[in-house]
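Numbering (our numbering), first residue to last: 82 to 262.
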């Protein structure tokens with residue numbers, strides 16, 4: 082039996098909507114369990130979704146291992162799940178990968194790798210990654226020391242409400258750059 086093209090497309094769209102609805106309910110249930118402190122339930126739900134490629138669940142499952150809430154803190158496991166999520170374009174996972182490489186949590190410090198992940202994350206206007214790019218430019222790690230560039234990234238991050246960036250703008254070297262302008 083040959084199905085007309087428009088019916089095949091309609092059937093495909095209905096199928097895709099049903100999948101997204103099915104995936105939305107479990108991630109919402111996992112987030113609710115996590116916010117209520119029911120880590121066992123959250124872990125079970127996040128893990129089941131993460132294994133099947135849900136980038137949000139992979140990030141959240143990575144965060145659980147990064148922070149050690151409901152599990153023993155395990156940076157290697159966090160790194161594994163952040164990578165899987167980051168490769169799907171998840172900005173928060175990309176930011177956390179950058180942080181782990183910058184700080185050497187679960188990996189050797191690697192400023193170039195940190196820079197790569199922060200740049201991917203800031204492409205999606207992630208305030209955390211903008212802050213970390215400010216840090217990298219202020220400290221000259223992985224990039225040339227450049228207070229003007231640091232100021233630019235801190236301002237972008239602070240404009241989104243990042244408290245660390247707002248604090249960094251009060252550092253003497255940042256105030257001096259502002260006064261020079």
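From the three backbone atoms N, C-alpha and C, an ideal C-beta is built for every residue, glycine too.
{"query": "What separation, rounded to the nearest whole angstrom, lies between the Cα atoms of residue 114 and residue 188?", "result": "30 angstroms"}
{"query": "Let me know if residue 200 comes out buried or exposed under the rule of 16 or more other beta-carbons within 10 Å of its beta-carbon.", "result": "exposed"}
{"query": "Buried or exposed for residue 214, going by 16 or more other Cβ atoms inside 10 Å?", "result": "buried"}
{"query": "Out of 151, 146 and 210, state which residue places its alpha-carbon closest to the alpha-carbon of residue 162.", "result": "146"}
{"query": "Thinking C-beta only, is residue 235 closer than 7 angstroms to residue 249?", "result": "yes"}
{"query": "For residue 197, name the three-state secondary structure that DSSP assigns.", "result": "helix"}
{"query": "When you compare only the Cα positions, how much space is there between residue 158 and residue 186?", "result": "11 angstroms"}
{"query": "Enumerate, from N- to C-terminal direction, the unbroken alpha helix (DSSP H) stretches of 4 or more residues contained entirely within the stretch 138-200.", "result": "156-167 and 172-184"}
{"query": "Once you ignore the five residues that flank residue 152 on each side, which residues in its own chain have a CB closer than 7 angstroms to its CB?", "result": "124, 145 and 146"}
{"query": "Can you tell me where the alpha helix (DSSP H) holding residue 245 begins and where it ends?", "result": "244-249"}
{"query": "Compare the Cα-Cα distances from residue 40 to each of 196, 204, 223 and 258 and report the closest residue.", "result": "Not covered by the structure: residue 40. The range shown for the chain is 82 to 262."}
{"query": "Once you ignore the five residues that flank residue 209 on each side, which residues in its own chain have a CB closer than 6 angstroms to its CB?", "result": "176"}
{"query": "Report the three-state DSSP secondary structure of residue 112 (helix, strand or coil).", "result": "helix"}
{"query": "Less than 7 angstroms between the C-beta atoms of residue 239 and residue 231, yes or no?", "result": "no"}
{"query": "Could you round the C-beta distance between residue 195 and residue 182 to whole angstroms and report it? I think they count as a contact, below 8 angstroms.", "result": "4 angstroms"}
{"query": "Tell me whether residue 222 sits in a helix, a strand or coil according to DSSP, three-state version.", "result": "coil"}
{"query": "Following the continuous alpha helix (DSSP H) through residue 231, name the residue where it begins and the one where it ends.", "result": "228-240"}
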